[in-house]
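Positions 1 to 132 (the numbering used here) are the ones given, in order, by the sequence shown.
One structure is given here, and the rest of the page talks about it.
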Amino acid sequence: MRILKEDPLVITSLSFNINPTFTNFDGVEGRSLISFPVTTKFREDGKQLVVEGTLMVRGVSSDDKEIYSASCTGRAAFWFMEPLTEKEKAEDFVYGNFIKPVYHMLSFYLQHNILSSGLVTSFPIVEPPFRA
């Protein structure tokens, strides 16, 4: 597989909302709930792949009250010198080489957006959720 051309990730939407009824942020402990629906589309001749994904994060307090919600949607496209083989079209190959990088970029933009609001939080960006 040789990539002929790549369209970099284009962010198509970015949102962030803080729950207005949640007023005391000092020392709040909680967790982040992550969802990452992603679609991959191969052109019929196997020479193009488009990856579209939405990373959604909900911050919830230890008593399960929503603190914030945020999402980031983006799309990247890849053109190949020759058609991908069936092995290269396999889910684990596409996941490792194309879906993970899109996830990492979306998480970077999303975390930057959350931090720029003044809310200090984090969520794991090492590995995207993977369906078995």
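Think of the CB as a built atom: it goes at the ideal place given N, C-alpha and C, for glycine as much as any other residue.
Judged by DSSP in its simplified three-state form, M105 adopts helix. DSSP places E82 outside both helix and strand once states are collapsed to three, so it counts as coil. Residue pairing by DSSP places R58 opposite L33, S69 in a beta bridge. DSSP, read as helix, strand or coil, puts K100 in helix.
Of the residues assessed, S62 falls on the exposed side of the cut-off, its CB having fewer than 16 other CB atoms within 10 angstroms. In the DSSP assignment, L9 is bridged to no other residue. Going by DSSP, F22 is part of no beta strand (DSSP E) at all; its letter is neither H nor E.
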